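Following: one structure in structure tokens, then a few remarks.
Numbering (my numbering), first residue to last: 61 to 248.
Below is the structure:
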């Protein structure tokens with residue numbers, strides 16, 4: 061019983077992303093069909109997953125994501141991007157080399173979280189996805205397989221607009237792009 065209580069407390073500690081203190085805030089600009097469509101803000105949790113957050117923040121600072129597509133959008137599930145090398149989900153590269161190991165799975169998936177996309181254990185690169193569904197059974201299958209490292213803290217409505225450009229196959233209706241990225245609180 062004592063171990064069950066500890067497990068429940070640990071899960072509760074990491075289950076609500078909004079309760080975490082962000083180490084970084086990023087503003088991401090997007091375009092839909094070639095038109096500027098606004099920005100959303102990400103809170104990233106470097107105190108829980110420092111290596112994963114550093115990878116994403118460094119790629120943003122270097123401008124690697126700028127102009128790359130959200131190449132896979134599945135309504136009621138997620139939007140995926142971050143393949144800045146091939147633009148179709150087959151590429152991307154981390155700051156640590158081609159791929160890097162899963163850091164941990166302390167943070168859990170919930171609507172609006174940002175998580176590393178991978179092709180199996182230890183295959184994190186630059187690709188990521190943002191979950192869009194409130195109650196999708198698919199989200200719960202992601203825990204323990206994909207490293208959650210942040211959440212959309214402002215303008216989830218824009219994420220829903222991006223989601224509307226997808227299809228069940230993941231193919232987008234028009235080009236949807238990660239246009240800009242700014243680390244808030246830094247002079248870039």
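Ideal Cβ positions, reconstructed from N, Cα and C, are used throughout, including at glycine. All values derive from a computational prediction rather than experimental measurement.
| query | If we ignore side chains and look at the alpha-carbon of each, how far apart do residue 132 and residue 95 end up? | reply | Position 72 of the chain shown holds residue 132. Position 35 of the chain shown holds residue 95. Each residue's Cα considered, the two are about 19 Å apart.
| task | Answer yes if the stretch 145-161 comes into contact with the stretch 115-123, meaning at least three C-beta pairs across the two stretches below 8 Å, and no otherwise. | result | Flag = yes, the stretch 115-123 and the stretch 145-161 touch.
| If you follow the beta strand (DSSP E) that residue 214 is part of, which residue opens it and which one closes it? | Along the chain shown, read from residue 1 onward, the residue named residue 214 stands at position 154. Taken as a continuous stretch (DSSP letters only), the beta strand (DSSP E) holding residue 214 covers 208-214.
| Among 183, 171 and 128, which one has its Cα closest to the Cα of residue 77? | The residue given as residue 77 occupies position 17 in the chain shown. Considering only alpha carbons, the answer is 171.
| message | Quick check on residue 85: does DSSP put it in helix, strand or coil? | response | Translated into positions along the chain shown, residue 85 becomes position 25. Residue 85: strand per DSSP, three-state reduction.
| request: Round the Cβ separation of residue 175 and residue 212 to the nearest angstrom and send it over; I've been treating them as touching at under 8 Å. | output: On the chain shown, residue 175 is found 115 positions in, with the first residue counted as 1. On the chain shown, residue 212 is found 152 positions in, with the first residue counted as 1. Going by Cβ atoms, the distance from residue 175 to residue 212 rounds to 12 Å, so no, they are not a contact pair.
| task | Note down, in chain order, each residue of its chain lying with its Cβ closer than 8 Å to the Cβ of residue 215, except the 5 sequence neighbours on either side. | result | Mapped onto the chain shown, residue 215 falls at position 155. Excluding positions up to five away in sequence, the list reads 98, 99, 100 and 101.
| From this set, 226, 128 and 143, which residue's C-alpha is nearest residue 137's C-alpha? | Position 77 of the chain shown, counted from the first residue, corresponds to residue 137. Nearest option by C-alpha distance: 226.
| query | Contact check, residue 205 vs residue 91 under 8 Å by CB: the rounded distance? | reply | Residue mapping note: residue 205 aligns to position 145 of the chain shown, counting from 1. Residue mapping note: residue 91 aligns to position 31 of the chain shown, counting from 1. The pair is not a contact, with the Cβ atoms about 30 Å apart (cut-off 8 Å).
| task | Hey, could you find the ends of the alpha helix (DSSP H) residue 117 is sitting in? | result | By one-based count along the chain shown, residue 117 stands at place 57. From DSSP, the alpha helix (DSSP H) with residue 117 extends over 110-121.
| task | Please name the residue in 185, 111, 220 and 143 whose C-alpha comes closest to that of residue 159. | result | In the chain shown, the residue the question calls residue 159 occupies position 99. The shortest C-alpha separation from residue 159 is found at 185.
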